[in-house]
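Residues are numbered in the numbering used here as their position in the sequence shown, beginning at 1, plus a constant of 1.
A quick write-up on the structure given underneath.
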Amino acid sequence: MLIGISPLLGPDLLHALRAMGHGDEIAFVDGNYPAAEHARRLIRADGVPLLPMLRAVLAILPVEQAYRACQNNDQAQSADIHRQIDGLVQQFAPSPLPLNGDDLYPRIRSAYAIVATSEPALFANVILRKAALPPANA
């Protein structure tokens with residue numbers, strides 16, 4: 002265990018977050034997403050729903066921009082999970098931009114890593130783009 006670090010953040014995920022550079026993206030996908038097929042680097046979060054995982058990551062990852070899926074891949078539609086994602090992300094970073102499937106899925110496939118959660122909600126996929134941190138004395 003580490004002080005101040007959520008136990009949801011395992012060693013593989015912590016390594017990926019630390020190894021990512023400015024502009025790299027990490028995707029958090031629901032339990033229905035074909036993560037093993039699409040991932041360059043797959044990080045399993047079996048038994049962990051999306052929102053607790055996102056909260057743990059957002060507490061330590063500087064985020065430049067977030068993106069999320071839409072209900073039925075239509076940017077005009079959102080479900081309860083999307084409103085919850087929006088509310089959570091807004092506590093730490095700019096509001097997530099909704100993307101339709103044609104824009105979201107290629108972005109997930111090219112992400113630095115994919116974190117496969119056990120989230121049961123459909124279209125509960127989020128991408129976080131890592132921000133740069135200024136020097137401590139700036």
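Each residue gets a CB set at the ideal place from its N, CA and C atoms; glycine is no exception.
Fair warning: this is a prediction, and the values are worked out from it, not measured in the lab.
The closest CA to that of residue 102, considering only 135, 71, 136, is found on 71. Bounds of any beta strand (DSSP E) do not take in residue 110; it lies within the alpha helix (DSSP H) bounded by 102-110. Looking at the DSSP output, residue 4 shares a beta bridge with no other residue.
Contact annotation: the region 30-37 does not touch the region 57-66, with fewer than three C-beta pairs closer than 8 angstroms. Taking the Cα of residue 9 as reference, the smallest distance to any Cα among 57, 41, 90 is reached at 57. Straight-line spacing of the CA atoms in residue 16 and residue 65 works out to 19 angstroms. Going by beta carbons, residue 39 and residue 84 fall outside the 8 angstroms limit.
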